[in-house]
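Working notes for the structure below.
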Amino acid sequence: MHVSAAAPDGLLDAFWAYEHALMTNDVANLEHAFLDAPETLRADGGAVLVGAEHITAFRRGRTPPPARRVDRLHVRALGPDIALLVAETTRADGGTGAQTQIWQRVGDCWRIAAAQVATAGPATRPPVDDSAIWRSRHRPLRRSEPGPLAGVRLAVKDLFALEGERIGAGNPTWLSMAPIEQADAPALATLLRAGAELTGVAQTDELAFSLAGTNAHYGTPPNAAVPGGIPGGSSSGPAAAVAAGLADLGLGTDTAGSIRVPASYCGLFGLRPTHGAVPLDGVVALAPSFDAAGLLAASPRVLRAAADALL
Numbered sequence: 005m006h007v008s009a010a011a012p013d014g015l016l017d018a019f020w021a022y023e024h025a026l027m028t029n030d031v032a033n034l035e036h037a038f039l040d041a042p043e044t045l046r047a048d049g050g051a052v053l054v055g056a057e058h059i060t061a062f063r064r065g066r067t068p069p070p071a072r073r074v075d076r077l078h079v080r081a082l083g084p085d086i087a088l089l090v091a092e093t094t095r096a097d098g099g100t101g102a103q104t105q106i107w108q109r110v111g112d113c114w115r116i117a118a119a120q121v122a123t124a125g126p127a128t129r130p131p132v133d134d135s136a137i138w139r140s141r142h143r144p145l146r147r148s149e150p151g152p153l154a155g156v157r158l159a160v161k162d163l164f165a166l167e168g169e170r171i172g173a174g175n176p177t178w179l180s181m182a183p184i185e186q187a188d189a190p191a192l193a194t195l196l197r198a199g200a201e202l203t204g205v206a207q208t209d210e211l212a213f214s215l216a217g218t219n220a221h222y223g224t225p226p227n228a229a230v231p232g233g234i235p236g237g238s239s240s241g242p243a244a245a246v247a248a249g250l251a252d253l254g255l256g257t258d259t260a261g262s263i264r265v266p267a268s269y270c271g272l273f274g275l276r277p278t279h280g281a282v283p284l285d286g287v288v289a290l291a292p293s294f295d296a297a298g299l300l301a302a303s304p305r306v307l308r309a310a311a312d313a314l315l
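Remember, the numbering used here sits 4 above the position in the sequence shown when you count from 1.
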């Protein structure tokens, strides 16, 4: 948490006591935090409350606010006994807020003389053209089973065998000549047994040769984290799907960085396990002495659950 400037003595302690009371819905201490005066103000997008009595009545009737963290505090001393404080916050659902408070020192204590609260909903991703992300997609290809990954939407790189499908490897000629697979690749099967829902087969750099994520045949999967930027490859399709919110988990390969590079470019968590830790049967090889199956996720919780299942 960043504080922009030095605060007068005791002000930050008073702010954190107020924040704790707010998160625990401690009405008595919330009442104590506001200046007991008829001119005390509290405002939000719905109304302006005037006077300590009205603010207390509002506190007693409202439900507890959602959990949040304070990211930055901006402090401006307006006089020896008065200060402006602006707190930037992030809620658990990804929404953001800013609370602006004027604090006044009364004796040895700081009290809020005026407060204004502003909130915004969770950030929404701009729509992306997903035609270059998927080689094959239905809704879903395989439904979820009970398990630790139940409900987790999985995008698999088009190097892994999927029963009843051909492996395309990012090249239409390869796809046309490939046999129909009779079984899932073991790495994919493991995630499906753990409950993952197979959302689609995602594109790869042609034959996994590149670290850029581009594909001359199918187009370049969009990078939702950096619009107009390349996604990084060769696990570009799964990375693009996860970054765009079209999947929760990506299964790909990493030979010289093809999990790590798209994770970095797309703002994701990526894991390249130790070489040989995950079987590569049923996976089109690039350089077998370096190839490794790996994972991509936007959430460390999902990545951990998938790694626990896969490893």
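Cβ coordinates follow ideal geometry from the N, Cα and C atoms, glycine included.
When C-beta atoms of the segment 161-168 are compared with those of the segment 213-221, fewer than three pairs fall below 8 Å, so the two segments do not count as touching. Out of I116, F294, S135 and V265, the CA that lies nearest to the CA of E43 is found in I116.
When only Cα atoms are considered, A21 and I106 end up about 16 Å apart. As far as DSSP is concerned, G280 takes part in no beta bridge. With fewer than 16 other Cβ atoms from the protein chains shown falling within 10 Å of its own Cβ, Q186 counts as exposed. Residue environment: L77 is assigned as buried (16 or more neighbouring CB atoms within 10 Å of its CB, all protein chains considered).
Around the beta carbon of L299, a 10 Å sphere encloses 16 or more other beta carbons of the protein chains shown; the residue is thus reported as buried. Here C113 is bridged, per DSSP, to V110. DSSP, read as helix, strand or coil, puts H36 in helix. By the criterion of a C-beta distance shorter than 6 Å, P176 is surrounded in its chain by H221, once the five residues flanking it on both sides are discounted. Distance between W138 and G236, taken at the CA atoms: about 16 Å.
Within the same chain, Cβ atoms closer than 8 Å to the Cβ of L196 are found at R146, E149, L158, D188 and L202, the five residues on either side in sequence being excluded.
For G261, same chain residues with a beta-carbon under 7 Å away, outside a window of 5 residues either side, are L215 in chain order.
When the alpha-carbon of L255 is set against those of A248, G249 and I263, the nearest one is in I263. For T177, no beta strand (DSSP E) encloses it; the enclosing alpha helix (DSSP H) starts and ends at P176 to M181. The C-beta of P292 has fewer than 16 other C-beta atoms within 10 Å across all chains shown, which makes the residue exposed. Spatial neighbours of D40 in its own chain (CB-CB distance under 8 Å, excluding positions within 5 residues in sequence) are listed in chain order as A56 and R115. Sorting Q120, T259, A102 and S303 by C-alpha distance to the C-alpha of D75 places A102 at the top. By the neighbour-count criterion, in which a residue is buried when 16 or more other Cβ atoms sit within 10 angstroms of its Cβ, R276 is buried.
Rounded to whole angstroms, the separation of the alpha carbons of D13 and A244 is 49 Å. In this structure, E35 places its C-beta atom within 8 Å of the C-beta atom of T60. Around the Cβ of S180, a 10 Å sphere holds fewer than 16 other Cβ atoms; the residue is exposed. Classified as buried, A247 has 16 or more neighbouring CB atoms from the shown chains inside 10 Å of its CB. Going by DSSP, A91 is part of no alpha helix (DSSP H) but of the beta strand (DSSP E) stretching over I86 to R95.
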